[in-house]
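Numbering (this note's numbering), first residue to last: 35 to 193.
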């Protein structure tokens, strides 16, 4: 979700990272200017591989929404790993309500990833979940789900 990044948020550090003048309002687009869909993303991944001479892992970080479709699309681009960010998210320029109410909690993504594991079994890279573990109860749930997934994989490998 794009918006206007207010000048007071454009600190010297932000200005240096984004090659912008500090202290001046800036447009923060919702879309990346280099790609508009899956085909363009695959080209961008390949371009990054060439620029880095394959010395740097290429990782795609997605804000979880349509988990099944997003992971399938990202896997076709052949990154070294995929990160699904599962908690609130927006740009620094977006409205606070968007940042506070956007995203799928990471614990709800396990089910979708389990459904996908069969489809992506030939893909040899990692799918990482991040964000949304806020307290001990969330950590206990996450560990239980990971152990269930490991158990499920072990049973699947033994059959």
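Think of the CB as a built atom: it goes at the ideal place given N, C-alpha and C, for glycine as much as any other residue. Keep in mind the model is a prediction, meaning the values are calculated, not measured.
Exercise. Buried or exposed: residue 101, going by 16 or more other Cβ atoms within 10 Å of its Cβ?
Worked result: buried
Problem set entry | Any 3 or more C-beta pairs closer than 8 angstroms across the segment 46-60 and the segment 70-79 | no
Exercise. Between the C-alpha atoms of residue 179 and residue 91, what's the straight-line distance to the nearest angstrom?
Worked result: 27 angstroms
Problem set entry | Contact set for residue 40: own chain, Cβ-Cβ below 7 angstroms, skip 5 residues either direction | 59
Problem set entry | Exposed unless 16 or more other CB atoms sit within 10 angstroms - verdict on residue 170 | exposed
Exercise. Taking C-beta to C-beta, are residue 94 and residue 116 nearer than 9 angstroms?
Worked result: yes
Exercise. What alpha helix (DSSP H) runs, 4 residues minimum, are completely inside the segment 57-128?
Worked result: 72-85, 101-110
Problem set entry | Where residue 54 sits in the DSSP three-state scheme | coil
For this session: Identify, in the order they occur along the chain, each residue of the same chain with its Cβ nearer than 7 angstroms to the Cβ of residue 112, setting aside the five sequence neighbours on each side.
Result: 79
For this session: Using beta-carbon positions only, say whether residue 163 and residue 120 come within less than 9 angstroms of one another.
Result: yes
Exercise. Exposed or buried, what is residue 85 when buried is set at 16 or more other beta-carbons lying within 10 Å of its beta-carbon?
Worked result: exposed
For this session: Evaluate residue 38 with the Cβ neighbour count: other Cβ atoms within 10 Å of its Cβ, from every protein chain shown; 16 or more gives buried, anything less gives exposed.
Result: exposed
Exercise. How many angstroms separate the CA atom of residue 165 from the CA atom of residue 175?
Worked result: 14 angstroms
Exercise. Using the beta-carbon count (16 or more within 10 Å), is residue 47 buried or exposed?
Worked result: exposed
Exercise. Where does residue 194 land, buried or exposed, given buried means 16+ other C-beta within 10 angstroms?
Worked result: Only positions 35 to 193 of the chain appear in this structure, which leaves residue 194 out of reach.
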